[in-house]
Structure formats: C-alpha cells, structure tokens
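The structure under discussion appears below in the form of structure tokens.
Structure representation (structure tokens):
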C-alpha cells in the first residue's frame, strides 16, 4: 500500500506540473499574439485577396515549395534569406506575408516592425488553407 500511495503522489505531482507548464505556455502564446496585433494585421483569405494588388506579397517558403504552387503575384523570399534581403521591400507600401502556416510570417513581421515598416499583414491561416488563385512554375 505504501508503494502505491507513493506512486500516486508522484503521479499527481507530475500531472500538476504538466498542467502548470501547459497553462503557462498557452498564456505566453496568447500574450505574444496580443502584443503582435498592435503592429500586424492578421487577414482572412478574403481580406488578403482584396489588398493583394496594392501590396508586396511575400511567400516565405522555400523555393521548391514556391515552385510547386504559390499565390498569384507573390514574390518568393525564403525565410532563411529574409534577413539579408528584406531591405529590398519598400517601407511605404503594405507588406503581405505568408508561409505554410504562419510561423515564419510572424518572425518576419517582427523583424520588419523593428526596422520601421508600418503596414504589415499576415495571411491568418497560411498557404495551407488558401483557396484563391495560384500559379505553378
């Protein structure tokens, strides 16, 4: 019985620690998105399509993924080289970012914001959910 009680106590402690870590992580992610929304617009597909003609549309995926299919009018700047090429973007025009989900777009948006870019938008669901016009190379 003593062994079982010790095991249950240990298991309970472990579960409590896991729950605390998960709650902390969720809170951190929520706070991060809240702070990001101060300078980044998360656009639905419909809103992204509305602004596509006036914006610089940047696909942050690797060249191979871009060639397999990308949003019509997008320019490919793989995230791996984004830090060295972002200065080619015009800061006076809107910048629309997307990748497969939105993870890389968030990182790129933070960099652009630090460099003074003001009109930054991200495709909320990423390319994986895009139903609009695409081009394949």
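Numbering (my numbering), first residue to last: 15 to 151.
Cβ atoms here follow ideal geometry from the backbone N, Cα and C, with glycine treated the same way.
As the structure is a computational prediction, the values presented were derived from the model and not from experiment.
Counting only the Cα atoms, residue 30 lies some 11 Å from residue 37. If you draw a straight line from the Cα of residue 90 to the Cα of residue 71, it comes to about 9 Å.
When C-alpha distances from residue 115 are compared across 57, 51, 104, 23, the shortest belongs to 57. By the neighbour-count definition (other C-beta atoms within 10 Å, threshold 16), residue 41 is an exposed residue. Cβ-Cβ separation between residue 125 and residue 97: approximately 7 Å, consistent with a contact (criterion under 8 Å).
In this chain, the alpha helix (DSSP H) harbouring residue 126 covers 117 to 128. One alpha carbon belongs to residue 112, the other to residue 26, and they sit about 42 Å apart.
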